[in-house]
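Report on one structure; see the data block that follows.
In our numbering, the protein residues as written are 345 to 434.
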């Protein structure tokens, strides 16, 4: 309900407490905590000119990647797919 500027809000509305303001806490400088690593991480295979997306387990070891190791090996044998050109003139 929109009230005119001169009319006060009805007294029956409950007061809503505002959340307590908290100061922003910056992470400490230096090394990241043990066991922290970016997940997923990106790796560039420069020989193939392909970006590899790697998913890591909680131990930090590689669990899965896109493209898969099998696909990367296929690209090495057969050549990586070339980027497609898109004709924007039509």
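In this text, a Cβ means the ideal position worked out from N, Cα and C, and glycines have one as well.
Grab me the residues of residue 419's own chain with a C-beta within less than 6 angstroms of its C-beta, minus the 5 sequence neighbours each way, in chain order.
Taking the first residue of the chain shown as 1, we reach residue 419 at position 75. Closer than 6 angstroms at the Cβ level, and outside the excluded window around residue 419, lie 392.
When the distance is taken between beta carbons, is residue 382 closer than 8 angstroms to residue 396?
Numbered from its first residue, the chain shown carries residue 396 at position 52. Numbered from its first residue, the chain shown carries residue 382 at position 38. Result no, Cβ atoms of residue 396 and residue 382 do not sit closer than 8 angstroms.
Taking the continuous alpha helix (DSSP H) assigned at residue 418, which residues delimit it?
For the purposes of this step, residue 418 is taken as residue 74 along the chain shown, with counting starting at 1. Run containing residue 418: 413-422, per the alpha helix (DSSP H) assignment.
Judging by CA-CA distance, which residue of 389, 404, 401 and 363 is the nearest neighbour of residue 413?
As a working mapping, residue 413 is identified with position 69 in the chain shown. Taking only the C-alpha atoms, the option nearest residue 413 is 389.
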